[in-house]
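Read the structure below first, then the notes.
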Amino acid sequence: MTDVVELCRDLIRIDTSNPGRQERPAAEYVATALSDAGYECTVVESEPGRTTVVTRLAGADSARGALLVHGHLDVVPAAAEDWKVHPFSGEVEDGCVWGRGAVDMKDMVAMTLKTAIDFKRGGIVPPRDLIFCFLADEEAGGLYGSRWVVENHPELFEGATEAVSEVGGFSLQVNDDLRLYLIETAQKGMRWMRLTAKGRAGHGSMINDDNAVTTLCEAVARLGTTPFPIHVTPTMRRFLAEISDVFGIELDEDDLDATVAKLGPLARLVGATLRNTANPTMLQAGYKVNVIPSEAYAEVDGRTLPGFADEFDAELRAVLGPDIQVEYQHTDIELETTFDGDLVDAMGAALKAEDPGARIVPYMLSGGTDNKAFSRIGIRGFGFAPLRLRPDLDFAGMFHGVDERVPTDALEFGARVLDRFLRTC
1 MTDVVELCRD LIRIDTSNPG RQERPAAEYV ATALSDAGYE CTVVESEPGR
51 TTVVTRLAGA DSARGALLVH GHLDVVPAAA EDWKVHPFSG EVEDGCVWGR
101 GAVDMKDMVA MTLKTAIDFK RGGIVPPRDL IFCFLADEEA GGLYGSRWVV
151 ENHPELFEGA TEAVSEVGGF SLQVNDDLRL YLIETAQKGM RWMRLTAKGR
201 AGHGSMINDD NAVTTLCEAV ARLGTTPFPI HVTPTMRRFL AEISDVFGIE
251 LDEDDLDATV AKLGPLARLV GATLRNTANP TMLQAGYKVN VIPSEAYAEV
301 DGRTLPGFAD EFDAELRAVL GPDIQVEYQH TDIELETTFD GDLVDAMGAA
351 LKAEDPGARI VPYMLSGGTD NKAFSRIGIR GFGFAPLRLR PDLDFAGMFH
401 GVDERVPTDA LEFGARVLDR FLRTC
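The opening residue of the sequence shown carries number 1 in this note's numbering; numbering runs sequentially from there.
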């Protein structure tokens with residue numbers, strides 16, 4: 001097996017579940033591998049065990065803005081009993097590396113680590129400075145990772161103007177001769193909120209027409225079943241035009257959901273980027289079966305489109321009605337950049353060199369990445385973790401899913417593309 005596959009397997013075997021585990025063992029693995037190759041690493045901790053590793057490779061023209069290549073070391077938890085193989089085994093089966101983090105995102109960490117090591121050992125001088133960064137805590141919002149390091153150690157990213165990271169550069173097969181590679185140029189914002197309904201407390205045996213649980217459940221049911229209006233951002237307008245062209249789909253502005261539905265498994269990933277969303281995720285009420293509580297609560301994961309955050313508030317209130325209190329508990333910014341420039345050209349050229357049937361298109365991520373934190377210090381971010389995928393692989397379902405896995409040939413392809421890209425960026 002190739003180095004990148006072994007690196008990915010090793011990283012998966014280090015359980016960095018967030019919450020519950022620390023990133024330090026994985027950070028030590030990365031720092032050791034980089035140091036052995038000749039890098040000087042900076043290792044910082046936001047608190048004991050929450051560890052980030054940063055190093056820099058000087059380029060031919062250090063006056064140019066540096067390129068930041070970053071990935072996170074943490075993963076979401078996994079219940080072993082639900083998996084075909086143990087989620088922290090890094091087992092290779094059916095031509096894939098299996099395990100938590102295989103696509104989110106120890107695959108890209110492995111590709112980045114391999115490329116950094118190969119460049120250093122081979123004496124390769126890239127066109128511009130490269131900053132390699134391996135972060136803690138992305139899966140919980142980056143408070144102890146990217147957000148912390150940006151606020152406390154911005155000097156580590158001095159001169160950086162652009163960045164690449166996860167959830168982009170993967171393929172969508174159109175036919176045997178054409179594959180779209182989706183480059184992430186936009187991300188939705190975050191509005192995590194707590195809903196509260198209030199009513200009249202009383203005995204469970206009595207008729208109660210002011211029941212907080214009933215009021216809350218009715219509102220939550222509406223929220224979970226009422227789609228918000230469609231808003232088309234510049235990124236998605238370009239994306240829709242591209243898929244209409246290559247798939248021969250007539251773009252119906254009055255029924256964009258139908259257009260997206262024709263994308264198959266990718267429809268879930270893309271469909272959420274046409275509208276603001278608010279998904280109920282947790283409920284809480286009462287303390288005894290025969291007591292009607294005076295308050296009931298729900299937690300909701302809200303996501304906002306770039307340029308449509310104000311509309312989200314109005315859309316949310318229209319669905320919930322006047323009897324529900326809304327408290328935002330965690331918010332984060334939206335991101336959107338243009339799909340142009342030398343860096344985008346370099347992505348396309350690197351992909352085309354390894355896959356003559358490649359065609360790059362921009363898309364929006366329904367979630368968020370550490371690029372948001374780096375945008376706060378003026379770094380323009382893209383999702384570019386290149387993978388040529390099998391047409392039958394439900395790639396979107398791999399993220400945080402059971403039996404997460406990445407094809408070994410996709411890893412090898414991605415390592416080759418990343419190597420080409422960083423030689424020409």
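No residue lacks a Cβ here, since even glycine has one placed at the ideal position from N, Cα and C. The structure presented is a predicted model; accordingly, all values stated were derived computationally and were not measured.
For V213 and A296, the gap between their C-alpha atoms comes out near 5 Å. The DSSP-derived three-state label of I14 is coil. Annotation: the continuous alpha helix (DSSP H) that includes N152 extends over S146 to N152. Given a length threshold of 3 residues, each whole run of the beta strand (DSSP E) inside the segment 85 to 134 is given here in chain order: 96 to 98.
CA-to-CA, the gap between L67 and C425 works out to about 8 Å. Of the candidates F384, E334, I379 and G202, the residue whose Cα lies closest to the Cα of E162 is I379.
With contacts defined by Cβ atoms closer than 7 Å, A349 and M108 do not form a contacting pair. It is roughly 26 Å from the alpha-carbon of A258 to the alpha-carbon of E334. Within the same chain, C41, V43 and V53 come within 6 Å of A31 by CB-CB distance, once the 5 residues on both sides are set aside. If the five residues before and after L143 are omitted, its C-beta is found closer than 7 Å to the C-beta atoms of D137, all from its own chain and listed in chain order. For V289, no pairing in a beta bridge is given by DSSP. Linking T369 to P227 through their CA atoms gives a straight-line distance of about 25 Å. In this structure, the CA atom of A410 is about 16 Å from the CA atom of G90. Taken through DSSP and simplified to helix, strand or coil, K372 comes out as helix. If you check the CB distance, D310 and T115 do not come in under 7 Å. Q22 and C96 have their C-alpha atoms spaced approximately 26 Å apart. In this structure, the straight-line span from the alpha carbon of D209 to that of I360 is close to 57 Å. Beta-bridge partners assigned by DSSP to G189: T304.
For the pair G341 and V167, the CB atoms are not nearer than the 7 Å cut-off. Counting every other CB atom within 10 Å of its CB across the protein chains shown gives M105 a total of 16 or more, marking it as buried. Per the coordinates, the alpha-carbon of E250 lies some 17 Å from the alpha-carbon of V270. Annotation for V402: D82 and W83 place their beta carbon closer than 7 Å to its own, counting only its chain and skipping 5 residues before and after. DSSP places F157 in no beta strand (DSSP E); its state is neither H nor E. DSSP, read as helix, strand or coil, puts P407 in strand. A102 is a Cβ neighbour of E404, given a cutoff of 7 Å. A check of alpha carbon separations from W148 across P407, F374, V406 and I324 identifies F374 as the nearest.
A27 is not a Cβ neighbour of I117, given a cutoff of 7 Å. D210 sits in coil when the DSSP states are folded into three classes, being neither helix nor strand. Linking T215 to Y363 through their CA atoms gives a straight-line distance of about 38 Å. With a cutoff of 7 Å on beta-carbon distance, D301 and N279 are scored as near each other.
Counting only residues of its own chain and dropping the five nearest sequence neighbours on each side, D323 has a CB closer than 7 Å to the CB of A197 and T215. Look at A314 here: in three-state DSSP terms it is helix.
Distance from the CA atom of M347 to the CA atom of A285, rounded to whole angstroms, is 51 Å. The beta-carbon separation of I183 and R423, rounded to 19 Å, does not stay under the 8 Å limit for a contact.
Relative to the Cα of R64, the nearest Cα in the group G141, T408 and L130 belongs to L130.
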